[in-house]
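Mapping of the sequence shown onto this note's numbering: residues 15 to 423, in sequence order. Positions of the beta carbon are idealized from the N, C-alpha and C atoms, including for glycine. In this text, all values refer to a predicted model and were calculated from it rather than measured experimentally. Report on the structure given below.
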Amino acid sequence: MTRSRRGLVMAAGAVLALALVVVLVRPAPVGVEVARARRGPLRVTVDEEGKTRVRDRFVLTAPVAGRVERISLRQGDTVELGALAARIHPAPLDPRTRAEATARLEAAEAEERAAGARVEQAHAALAQARRAGRRAHQLAQAGTLSAAEREVAELAETTQTKELAAATFAARAAAHNVQAASAALLTAGGETAALVPCGDSSAPCLELRSPIGGRVLRLPEQSERVVAAGTPLLELGDPGALEIVVDLLSEDAVKVRPGAPVLIDDWGGEGTLHARVRLIEPSGFTKLSALGVEEQRVNLIADFIDPPAALGDGYRVEARIAVWEAEAVLQIPATALFRRAGVWNVFLLEGGKARRTPVELGHRGTLTVEVLNGLADGATLILHPNDQIADGVRVKPLARWEPEAAQAD
């Protein structure tokens with residue numbers, strides 16, 4: 015072998031050795047989880063814990079001081095309108111008590127008149143809502159009204175129907191209060207026309223009857239006892255007519271509008287229940303958080319669209335109230351984002367390497383975020399970027415995040 019050829023062989027061997035060293039020394043690609051930017055529906059929600067409650071309830075109270083017989087009803091029992099609920103043996107009344115009975119009767123009569131006015135107002139509001147609903151239906155058929163505006167009109171009619179039912183319920187309860195207060199006043203005046211014989215006993219008593227048809231929700235005390243006038247004896251209502259109460263932070267409450275959809279999770283049964291916001295109460299209150307911090311909160315009231323029979327009064331639920339939603343929104347997983355110099359960034363996977371890219375964000379869902387600028391539909395992103403990932407670092411996809419398996423809202 016000539017000297018020149020021997021030199022070429024040695025040079026080639028040196029190059030191969032150097033290449034082998036480079037390969038051995040070069041760090042291996044970093045394994046990463048990736049996902050794609052995609053377009054799809056996005057819903058932004060306010061998530062809070064709430065509870066159910068019977069929409070209309072009535073507390074049956076003792077109209078006069080006296081001895082209440084043992085109540086035979088139990089919690090959960092069904093009672094008919096006008097059914098016997100309790101018996102009370104009035105105590106002898108003095109002039110002061112008679113004056114109090116007179117004042118209670120006058121107050122009950124005033125409440126009855128106010129309840130009657132609310133029924134008339136609810137009738138008028140429902141008639142107006144029905145007219146508006148018919149106009150909205152006609153305009154929607156003609157294509158001049160959006161589906162969302164038509165749904166608002168339909169919700170207004172549904173809400174006014176329930177308001178009329180509530181006003182009618184309150185009017186019946188007010189009429190019952192007038193009857194009870196009148197009977198108490200007659201008893202205070204020494205008249206026995208309002209009293210009846212109690213069972214096998216010859217002693218007269220005052221019978222308290224149910225002002226509504228429903229079920230016994232609460233029974234503070236079942237045993238026979240002496241009570242003062244106004245003592246609660248029974249709490250009645252219809253467990254089938256439920257509403258949801260959610261206390262929101264005041265800064266979240268201002269984002270919610272009546273008619274907004276509400277998704278109910280973790281209620282104990284299968285699937286997600288649906289409701290709609292009826293009312294955000296106009297007055298807030300102060301509540302201590304779990305950390306002892308004072309928070310200003312506001313009650314939100316929502317009506318079930320189709321309440322399940324398994325739910326009852328005072329049951330815990332998890333509510334997700336929609337404050338914004340849109341279709342075909344470019345979105346990415348929130349776990350792909352990181353901040354640098356006050357700007358949101360992501361790492362793209364391009365040619366087997368990580369490329370840092372700043373992005374402009376919009377609305378935030380629970381798991382995904384809207385991207386306004388900086389990304390194209392279908393771009394591949396690196397999730398959970400750590401200190402091993404930098405611009406230009408070689409990476410190797412290990413798993414792909416599936417957006418279909420996660421909720422965009």
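With a cutoff of 8 Å on beta-carbon distance, V383 and L375 are scored as near each other. By the criterion of a C-beta distance shorter than 7 Å, V407 is surrounded in its chain by V44, K367, A368, once the five residues flanking it on both sides are discounted. Distances from the alpha-carbon of A150 to those of H137, E134, L169, G285 put L169 closest. By the Cβ test, the stretch 239 to 252 is in contact with the stretch 55 to 75, since at least three Cβ pairs between them sit closer than 8 Å. In this structure, DSSP gives T349 a helical state, which the three-state scheme calls helix. DSSP places N191 within a helical segment (H, G or I) once states are collapsed to three.
Annotation: the stretch 39 to 77 contains the following complete segments of the beta strand (DSSP E) (minimum length 3 residues), in chain order: 44 to 50, 52 to 68, 71 to 75. In the DSSP annotation of this structure, A368 is not part of any alpha helix (DSSP H); the continuous beta strand (DSSP E) holding it starts and ends at 367 to 372. The Cβ neighbour count for I319, taken over all protein chains shown within 10 Å, is under 16; the residue is labelled exposed. E126 is positioned such that its CB atom lies no closer than 8 Å to that of V82. Nearest in C-alpha terms to T349, of all of A342, A355, V360, A340, is V360. Under the three-state reduction of DSSP output, G251 falls in the strand class. Sequence-distant partners of R186 (beyond 5 residues in either direction) whose C-beta falls short of 7 Å from its own C-beta, in its chain, are P225, I226.
Linking A324 to E364 through their CA atoms gives a straight-line distance of about 53 Å. Taking 8 Å as the cut-off, the beta carbon of L412 is found no closer than this to the beta carbon of A393.
Beta-bridge annotation (DSSP): T394 is paired with R50.
The shortest C-alpha to C-alpha distance from V276 to any of L263, E257, T300 is the one to E257. Short of 8 Å from the beta carbon of W358, and not among the five residues preceding or following it, lie these beta carbons of its own chain, in chain order: L351, F352, P372, V373, E374, L375.
Closest by C-alpha distance to E308, out of A146, F183, G298, is G298.
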